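Visitor: Before we start, here is the structure in question, set down as C-alpha cells.
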Amino acid sequence: MTAASLREPDGADSIFAALGDATRRSILKMVLQGPQSVSVLAGAIDVTLTAVSQHLRIMESCGLVRTRKVGRVRMCEADRRGLDVLADWVGINRRMWEHRFDRLDAVLRE
Amino acid sequence: MTAAVQFDTFTMEREFPVAPARVYAAFADPNIKRHWFAESAHHQVEEFTMQFEVGGRELARYRFNAGSPFAGVLLESNGMFLDLVPGQRIVNAATMAIGGRRISASIHTFEFSETASGATWMVFTHQAAFFEGADGPEMRRAGWQQLFEQLHARLAKDGQ
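Here the protein sequences line up with chains A and B, keeping their order.
With the first letter of the first sequence counted as 1, position 9 gets the number 9 in our numbering; the numbers rise by one all the way through.
With the first letter of the second sequence counted as 1, position 2 gets the number 2 in our numbering; the numbers rise by one all the way through.
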C-alpha cells in the first residue's frame, strides 16, 4: 500500500481545505468534465469574474487546477497533481483490495 | 473543531476460475485468508486472527517495512463478521487505524454467484466513512459523494 496523501500531509490538507468550500467543489466538478473558460465558470456558478478568480487562485496554489491564456480567453483545467493526491486518499482502500484480489486469484489458481 | 466525516462507496467485480464454494473457503480458512488478505511485500504481519462466524472478530496488525513511505508505522484493522451465507455472501465491518489513529470505518459485502462455465463472479461493495484529513474548515457532506464518483470516472478515463 502506498499513500502519497499521508506522505505529503500538507499537500492533502491544503486540497481538502480548498474543497471545504461548495463553490470550489462546483468548479472542480465542472473542470473534471473538461477545460472551461473562466468566464463560463463564473456564469455557471453565478459569481463575479473577480470572485471566481480568487477561488481559482486558491485551487491553483494547491495543485487542483491550472489556468492558461488561450488568445484573449483564460482557460481552466483540472491539474493532475492535485487529483493524484485526492485519488490516493480516496483510493487507499480500493488499491489495497485490488492487490488482495490479485493474490486471491493466484491462490485459487494454484 | 470536530472534523467532518466523509463517505465513499465503491464496487469491484471479479471473476475467479473456480466454483463459489472454493472462493468462499478461501475467505473462511484463516491460513489461506492470511496469505491473500494480510500478507504483502510492504509490511510484516504482526498479528492476524479471525473467527469465521457471525459475531466473530477479525484482527490484523501490520508493521510497514523499512524503505516504505511509513517505515515502522503500525496499521491495525479491527473487524467483525456480520452476515455469512456459505458460498453466497460474506458481510463484515472494520475500523482501520494508522499509527494508533483511527482513519476509517467500513462495511465490506462480498457476493458470490456461479457463472455458466462454473466459475465465480464476485461483487465486492466497500462502504466507508473516513475520519482522516478533515482538520480544515468544516466540510459539508453534500457534494462529496458525487465529486468522488466523478473523480473515479475521470481517473478511469485517463487509464488508471
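Note that the Cβ used here is the ideal one computed from N, Cα and C, for glycine as well.
The model shown is predicted, which means the values in this text are computed figures rather than measured ones.
(1) Give the DSSP-derived three-state secondary structure of residue 108/B in the structure shown.
(2) May I ask you to list the residues that DSSP assigns as paired with residue 120/B?
(3) Below 8 Å, can you find three or more Cβ-Cβ pairs linking the segment 71 to 85 of chain A to the segment 31 to 40 of chain A?
(4) Nearest by alpha-carbon distance to residue 52/B: which of 28/B, 41/B, 36/B, 62/B is it?
(5) Just to confirm before moving on: does the CB-CB distance between residue 20/B and residue 113/B stay below 9 Å?
(6) Residue 123/B: which of 5/B, 7/B, 6/B, 24/B sits nearest, CA to CA?
(7) Quick one: does residue 36/B have its CB under 9 Å from some CB of chain A?
(8) Please list, in chain order, the chain B residues whose beta carbon lies closer than 7 Å to that of residue 41/A.
(9) Check whether the Cβ atoms of residue 43/B and residue 75/B sit closer than 9 Å, and answer yes or no.
(10) Using a Cβ cut-off of 9 Å (strictly closer), state whether residue 63/B contacts chain A.
(11) Are residue 81/B and residue 104/B closer than 9 Å when you measure CB to CB?
(12) Could you check if residue 111/A is buried or exposed, using at least 16 other CB atoms within 10 Å of its CB as the buried criterion?
Guide: This is what the structure holds:
(1) strand
(2) Per DSSP, the beta bridge partners of residue 120/B are 16/B, 114/B.
(3) yes
(4) 28/B
(5) Yes.
(6) 24/B
(7) yes
(8) Those do not exist, as residue 41/A stays about 16 Å from chain B at its closest Cβ, beyond 7 Å.
(9) Yes, the pair counts as a contact, with Cβ atoms nearer than the cut-off.
(10) no
(11) no
(12) As displayed, chain A neither begins before 1 nor continues past 110, which places residue 111/A out of reach and without an answer.
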